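To start, the structure itself, in structure tokens.
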Ligand code: SF4
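Residue numbers (the numbering used here), protein chains in the order written: chain A, 2 to 501; chain B, 754 to 966.
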């Protein structure tokens, strides 16, 4: 995975920087607390939230367990609807495929709608190296791109910028990329949004190639789904002649009906809305009744592995592939609130990043070895997760892996990971652990949250974690870990799991 | 070996620990959640739709069948629209009382032409009360997806109560996945600047919904 930010320091150093930045801390605190409260209200409206969450978890587990069959079914359905399916084993291959497809259109610029998968593979940089300019069109991504910055939150990537900074970036940079910022631009959000509308509209109207990700792919119908707020997704999905979607192989759901679960849980978990402003679904290049001219004439789907099958091979860690990228776990995380998204050194920040990045990329680098320690194990992330990923369980599992080594899968091959003892990775991990545990504020906030919602069971951490956990009450991973449940229930088939 | 075979092979090896299992898909996941939340009559469902649409700052109107042409004429006049996009299958009587210049939805018109049009009037496929959502399926009375995207003012006519359902599960049942669908819940919005919700980044900044019937 080429997503490691170059020269990224290990988590504790990066976190220390973030904690020292008052703007960043203030913005993050305001943002996470605002979304947290709104989310709780949106979820409370649904009397069947527990059942929806359980259904989401089970649908995803069922799909992952038969991922090969569903991938083949999806490929057939997309092809039958007029699309072309490509397979990319890693980031480089995905970038090569997309670059070739863009070049075949003869175009040298593309419009993009926010996609974590394309950030993960570093697509913009790869395109730029081949002389193709990729314009990000989410307001936040635009802010990040114009500010030559890195995103810090899944949903609100520019959460670390306040309005004054945004105005300054727009004034200084918009002219370089296209239509300049209007004269006398102030820092009111409405004016800033208007400036972005004008700047980007020019690009949408002339765009010939659009690039997207997708929130869901329906195997039985070949339908792709993009959930968004601003309308830039609709622009990228309907105006260009060619659409290229780069999507992780874990984004499949078996049937159209399965969307009834996720279209209820995703918006409430992410933006705390009953429904996000826009959701688009499309099936290959099929038109509506108006016929020709309704959307792209050419559609390419690039299915991305890039570490996902390695993650799938880990019986404990594979549950991370259920993630629907709602970002609820970020907003409740006391460590994220203090450290900020950049400290995680990956496009996937926060609790989900702490379990996903080391699995997608391996724990070979300092940052990846330290990530499983970037947590106080308070369990708030598990509690809010709409697909019930037991993040603390996976964190503990990955810590064991860093410290004790063991069998892992890398690029499809089983390899034995050496214990990190005495290595740079272990030292980084230790520092991260110390960082999280030496912040009583972070720990307390987390425990308060957790204790309202989840029983706390003291538990001793394996390996060097033992020394710390002996002195503190750590919330346990649940009574029955995923691993045991998986075995006991034959992979979830022999009985209904009880929602924890 | 192709990457397709490589990836499928990796998936199969990764799942080597999973015992073979032929549970039919229907039994794979419990569906203990509700089909809709709360029991409501048809009229209450329409009222809930109106409330939730307004929550996300759509402008909601209600009228009888016979009042629709005059209401549409008034809304377009108030907007001072000079031109209005019309899907090919839109009921001709709807715009009978308006003298705004009609622009047909054509395959040839490019995005710049659409950008010059003031308003668009469409019907819808279904509306969802619990979430305040209207869904377009590119049917003849709704037109190509882009005509409801580029103009800054969208008026959407919902036949109440026939086209109004309570919930997302009930809406999905009515929709055809083979058609391009657009789910709209309020006007375009962003919360990207210090989490203030601001209307109107790219889609129509004004969304008016008429509940007719
Ligand atoms: S891990 Fe769960 S809560 Fe976190 S982003 Fe993924 S789905 Fe959302």
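Backbone N, C-alpha and C define an ideal beta-carbon position, used for all residues, glycine too.
The structure displayed is predicted, hence computed values, not measured ones.
Following the continuous alpha helix (DSSP H) through residue i, name the residue where it begins and the one where it ends.
i              : result
residue 129(A) : 124 to 130
residue 252(A) : Where residue 252(A) is concerned, there is no enclosing alpha helix (DSSP H), given that its DSSP letter is neither H nor E.
residue 354(A) : 351 to 362
residue 853(B) : Segment: none, residue 853(B) is in no alpha helix (DSSP H) and carries neither H nor E.
residue 233(A) : 233 to 239
residue 330(A) : 329 to 332
Would a check of beta-carbon distances place residue i closer than 8 Å to chain A?
i              : result
residue 801(B) : no
residue 908(B) : no
residue 767(B) : yes
residue 798(B) : no
residue 892(B) : yes
residue 812(B) : no
residue 844(B) : no
residue 822(B) : no
residue 919(B) : no
residue 761(B) : yes
residue 964(B) : no
residue 933(B) : yes
residue 937(B) : yes
residue 883(B) : yes
residue 873(B) : no
residue 852(B) : no
residue 942(B) : yes
Which residue or residues does DSSP assign as beta-bridge partners of residue i?
i              : result
residue 136(A) : 112(A)
residue 104(A) : DSSP, once it has assigned bridges, lists no residue as partnering residue 104(A).
residue 414(A) : 411(A)
residue 816(B) : 965(B)
residue 887(B) : 880(B), 937(B)
residue 909(B) : 875(B), 962(B)
residue 217(A) : 226(A)
residue 244(A) : 211(A), 300(A)
residue 283(A) : 225(A)
residue 838(B) : 856(B), 873(B)
residue 917(B) : 880(B)
residue 942(B) : 952(B)
Within 10 angstroms of its Cβ, does residue i collect 16 or more other Cβ (buried), or is it exposed?
i              : result
residue 236(A) : buried
residue 794(B) : exposed
residue 419(A) : exposed
residue 48(A)  : exposed
residue 415(A) : exposed
residue 213(A) : buried
residue 754(B) : exposed
residue 823(B) : exposed
residue 408(A) : exposed
residue 403(A) : buried
residue 773(B) : exposed
For the ligand SF4, is there a heavy atom less than 7 Å away from the beta-carbon of residue i?
i              : result
residue 253(A) : no
residue 376(A) : no
residue 822(B) : no
residue 379(A) : no
residue 373(A) : no
residue 390(A) : yes
residue 328(A) : yes
residue 502(A) : Residue numbering for chain A in the displayed model covers 2 to 501; residue 502(A) lies beyond these limits and cannot be assessed.
residue 353(A) : yes
residue 334(A) : no
residue 270(A) : yes
residue 385(A) : yes
residue 816(B) : no
residue 382(A) : yes
Just reading off the beta strand (DSSP E) that residue i is part of, what are its end residues?
i              : result
residue 117(A) : That residue, residue 117(A), is in no beta strand (DSSP E); its alpha helix (DSSP H) goes 117 to 121.
residue 301(A) : 299 to 305
residue 86(A)  : 85 to 89
Is there a Cβ from chain B that is less than 8 Å from the Cβ of residue i?
i              : result
residue 47(A)  : yes
residue 337(A) : no
residue 328(A) : no
residue 280(A) : yes
residue 93(A)  : no
residue 88(A)  : yes
residue 291(A) : yes
Considering only heavy atoms of the ligand MN, does any lie closer than 7 Å to the CB of residue i?
i              : result
residue 122(A) : Inclusion of the ligand MN in the displayed structure is not the case, the ligand content consisting of the ligand SF4 alone.
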